[in-house]
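Heads up, the thing below is written out as structure tokens.
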Amino acid sequence: MFGREKDPVTALATPAGDESNPTEVAGKGRPTPKRKEAEAANKRPLVPTDRKAAGKTGKNAAREARNREYQAMQSGDERSMPAQHRGPVRRYIRDYVDARWNLGEFFLPIAAVFLVLQISLAKAAPGLASLAVLVLYIYVIFAIVDGYIMWRGLRKRLRAKFGEDKLGRGLVMYSLMRAFQLRPTRLPKAQVRRGHKPE
């Protein structure tokens with residue numbers, strides 16, 4: 001009663017196969033999937049069905065990643081290095097530490113020698129054994145002082161080259177830990193010769 005009257009012209013149905021109808025739209029050629037079917041197709045299992053195969057694949061991927069990182073640490077390619085070794089600041093620290101002679105890098109072999117001396121002289125000459133321990137402690141103190149002097153000089157260079165805002169946290173321990181490692185065992189591998197400090 002209150003509805004609009006339909007236009008008698010547009011209300012007429014046009015035959016489906018009539019090619020003369022300009023408003024006919026071609027179909028997509030397949031039925032529209034139901035909502036349940038579409039949701040089921042998009043679902044992915046949270047837990048893989050074959051856990052053994054998935055675990056093997058994960059282990060292989062982790063092993064390949066470790067191999068890439070190790071090769072990068074040997075060659076100096078920072079793109080595949082772990083994040084804690086990347087960046088120009090960390091590279092500068094490594095080159096600076098590797099270019100100088102550090103007392104700390106000889107700590108482990110010297111400590112091993114003095115430990116053998118202490119054990120061998122403990123019964124035969126207790127006084128000499130105690131002296132060996134004292135000399136080792138003195139060497140440790142000198143190594144720590146040498147590391148502190150190294151860091152003071154390195155910090156001045158880092159501030160002048162990169163600026164204070166570019167220096168992140170953990171650089172002191174990063175440089176000291178490298179200084180207390182034997183040069184052949186350092187990773188990333190040393191890329192500079194002794195005496196060739198970076199500019």
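The sequence shown begins at 1 in full-length UniProt numbering and counts up one residue at a time. All C-beta atoms, glycine included, are put in the ideal place defined by N, C-alpha and C.
Distances from the alpha-carbon of methionine 173 to those of Leu154, Arg100 and Ala111 put Leu154 closest. Across the set Gly170, Leu187, Leu128 and Arg51, the C-alpha of Leu187 shows the shortest separation from the C-alpha of glutamine 71.
Contact between the segment 75-88 and the segment 138-156 is not established, with fewer than three Cβ pairs separated by less than 8 Å.
By the CB criterion at 8 Å, valine 97 and alanine 179 fall inside the cutoff.
CA-to-CA, the gap between threonine 32 and serine 75 works out to about 57 Å. In terms of CA proximity to alanine 65, Ser80 leads the group Ala53, Ser80 and Lys52. The beta carbon of arginine 183 sits closer than 8 Å to the beta carbons of Asp98, Glu105 and Ala190 from its chain, once the five residues preceding and following it are set aside; these are given in chain order. Arginine 35 counts as exposed, since fewer than 16 other beta carbons sit within 10 angstroms of its beta carbon.
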